[in-house]
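Inspection log for the structure reproduced underneath, given as structure tokens.
See the structure below:
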């Protein structure tokens with residue numbers, strides 16, 4: 008509930024569209040906020056009329072769907088989503104895909120290892 012009223016991170020300051028982004032500089036909750044910000048930066052929140060509360064609850068649920076294990080955890084899922092976001096935005100790949108496809112690729116990155124048991 009607290010995330011709903013908080014200001015999202017500044018994309019440039021947080022460097023979320025940079026390949027050298029380091030998740031260790033951020034708490035797991037900060038990564039949730041960065042993930043939310045990516046959807047705003049993709050401009051899909053307004054286009055698809057996604058209510059902020061729905062997006063916040065979705066991203067928080069994704070983060071909690073990951074187990075607390077050594078590698079295939081929320082930080083890993085976030086890193087994959089962030090890399091996809093960076094490829095789309097910095098590499099200008101976004102122009103080759105629809106907004107829905109871009110949203111799906113970033114979402115797939117965030118979600119790809121939910122409930123992974125380890126290894």
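Numbering (our numbering), first residue to last: 8 to 126.
Every residue gets a Cβ at the ideal spot worked out from N, C-alpha and C, and that includes glycine.
Roughly how many whole angstroms lie between the Cα atoms of residue i and residue j?
i	j	result
residue 15	residue 27	20 angstroms
residue 9	residue 22	23 angstroms
residue 88	residue 113	5 angstroms
residue 98	residue 24	10 angstroms
residue 122	residue 20	31 angstroms
residue 82	residue 36	10 angstroms
residue 48	residue 90	14 angstroms
residue 118	residue 38	14 angstroms
residue 96	residue 40	18 angstroms
Indicate whether residue i and residue j have their beta-carbon atoms separated by less than 8 angstroms.
i	j	result
residue 32	residue 85	no
residue 44	residue 12	no
residue 67	residue 110	no
Buried or exposed: residue i, going by 16 or more other Cβ atoms within 10 Å of its Cβ?
i	result
residue 125	exposed
residue 107	exposed
residue 77	exposed
From which residue to which residue does the alpha helix (DSSP H) around residue i run?
i	result
residue 90	81–96
residue 18	18–21
residue 125	First-last for residue 125: undefined, no H or E at that position.
residue 12	9–12
residue 24	Element bounds for residue 24: n/a, residue is neither H nor E.
residue 105	No alpha helix (DSSP H) holds residue 105; DSSP gives it neither H nor E.
Cβ of residue i within 7 angstroms of any heavy atom in the ligand NAD?
i	result
residue 54	Of ligands this structure carries none, so the ligand NAD is not represented either.
Decide if the segment 72–82 is in contact with the segment 50–64; the criterion is three or more beta carbon pairs, one per stretch, under 8 angstroms apart. Short answer: they don't touch.
Under 8 angstroms, with one C-beta from each stretch per pair, do the segment 98–105 and the segment 57–70 reach the 3-pair mark? With fewer than three CB-CB distances shorter than 8 angstroms, the segment 98–105 does not count as touching the segment 57–70.
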